[in-house]
Amino acid sequence: GQNIDQPTEMTATEGAIVQINCTYQTSGFNGLFWYQQHAGEAPTFLSYNVLDGLEEKGRFSSFLSRSKGYSYLLLKELQMKDSASYLCAVRDSDYKLSFGAGTTVTVRA
Amino acid sequence: TAGITQAPTSQILAAGRSMTLRCTQDMRHNAMYWYRQDLGLGLRLIHYSNTAGTTGKGEVPDGYSVSRANTDDFPLTLASAVPSQTSVYFCASSPSETDTQYFGPGTRLTVL
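Chain order of the listed sequences is A and B. Residue 1 is where the first sequence starts when you use our numbering, and the numbers rise one by one after that. Residue 110 is where the second sequence starts when you use our numbering, and the numbers rise one by one after that.
Rendered as structure tokens:
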């Protein structure tokens, strides 16, 4: 099984940068995903890492270190619309996702 | 395209009653999934189907059943609902089991 930890809540100011950490313990690893979920809506795919290193996609970047069981999602130039929950999910050797409880990010003006 | 649709959007159900949550996708994805999302616990996999005609159990399958008669539809049935099944249920699909999963809008179910 998987044990996935991420902070419950984070608050940041509009225009700032926020880094959401995710640590995991896994019996098999086949990639790590980040999803964004606005309140009352479905999770939407943000990023995928399977190799160590940084993946950049516009204002969002995701980093993975497999040896440390660690990932982070970096949100730059924060906008009010970035207020949401961010879900870290690890895929196991059977290609099944296990999700963390999510990090609620609040962006303040 | 519609992508993934779920019905109903929300439902209040008396304990002991049965209920089928519907999920339909028009992307011809082979793999489909059912998750429940509870506060503080994150999304947990209930059942999955890697291709039409096959299903498998996820992390929390007890009290739920699924079928996959064709590629597009993946209904989730609660045979006799209990209050602990109060949750938000998300259906997801992916082109294959090795691809990224995409989620439907969810069904909010309250069992009283």
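All residues carry an ideal CB built from backbone N, CA and C; glycine is no exception. Just so it is clear, the structure is predicted and the values come from calculations on it, not from any experiment.
Sequence-distant residues of the same chain with beta carbon closer than 7 Å to residue i, five excluded per side
{"i": "R137(B)", "result": "T180"}
{"i": "A123(B)", "result": "L221"}
Residues near residue i in its chain [Cβ-Cβ closer than 8 Å; skip 5 each side]
{"i": "P43(A)", "result": "Y35, Q36, Q37 and L87"}
{"i": "E14(A)", "result": "L78, Q79, M80, V107, R108 and A109"}
{"i": "M10(A)", "result": "V18, I20, T103, T104, V105 and T106"}
{"i": "P192(B)", "result": "A124, V220 and L221"}
{"i": "Y95(A)", "result": "N30"}
{"i": "G28(A)", "result": "D92, S93 and D94"}
Residue j beta carbon less than 8 Å from that of residue i
{"i": "S81(A)", "j": "R59(A)", "result": "Note on residue identity: the sequence assigns Lys, not Ser, to residue 81(A). Not in contact: K81(A) and R59(A) (Cβ atoms no closer than 8 Å)."}
{"i": "G31(A)", "j": "N49(A)", "result": "yes"}
{"i": "G69(A)", "j": "Q25(A)", "result": "yes"}
{"i": "V98(A)", "j": "C22(A)", "result": "According to the sequence shown, residue 98(A) is Ser rather than Val. Going by C-beta atoms, S98(A) is not nearer than 8 Å to C22(A)."}
{"i": "A201(B)", "j": "Y144(B)", "result": "yes"}
{"i": "Y173(B)", "j": "T186(B)", "result": "yes"}
{"i": "G215(B)", "j": "Q120(B)", "result": "no"}
Whole-angstrom distance between residue j and residue i, CA atom to CA atom
{"i": "A84(A)", "j": "I20(A)", "result": "12 Å"}
{"i": "P204(B)", "j": "A140(B)", "result": "6 Å"}
{"i": "V90(A)", "j": "I113(B)", "result": "23 Å"}
{"i": "D182(B)", "j": "T160(B)", "result": "11 Å"}
{"i": "D92(A)", "j": "T129(B)", "result": "29 Å"}
{"i": "D147(B)", "j": "D52(A)", "result": "31 Å"}
{"i": "P170(B)", "j": "R217(B)", "result": "18 Å"}
{"i": "A39(A)", "j": "F45(A)", "result": "15 Å"}
Other residues of its chain near residue i: CB distance less than 6 Å, five sequence neighbours each side excluded
{"i": "T195(B)", "result": "T219 and V220"}
Cβ-Cβ separation, residue j to residue i (assumed contact under 8 Å), whole Å
{"i": "R177(B)", "j": "G167(B)", "result": "With 8 Å as the limit, R177(B) and G167(B) do not qualify as a contact, their Cβ atoms being about 14 Å apart."}
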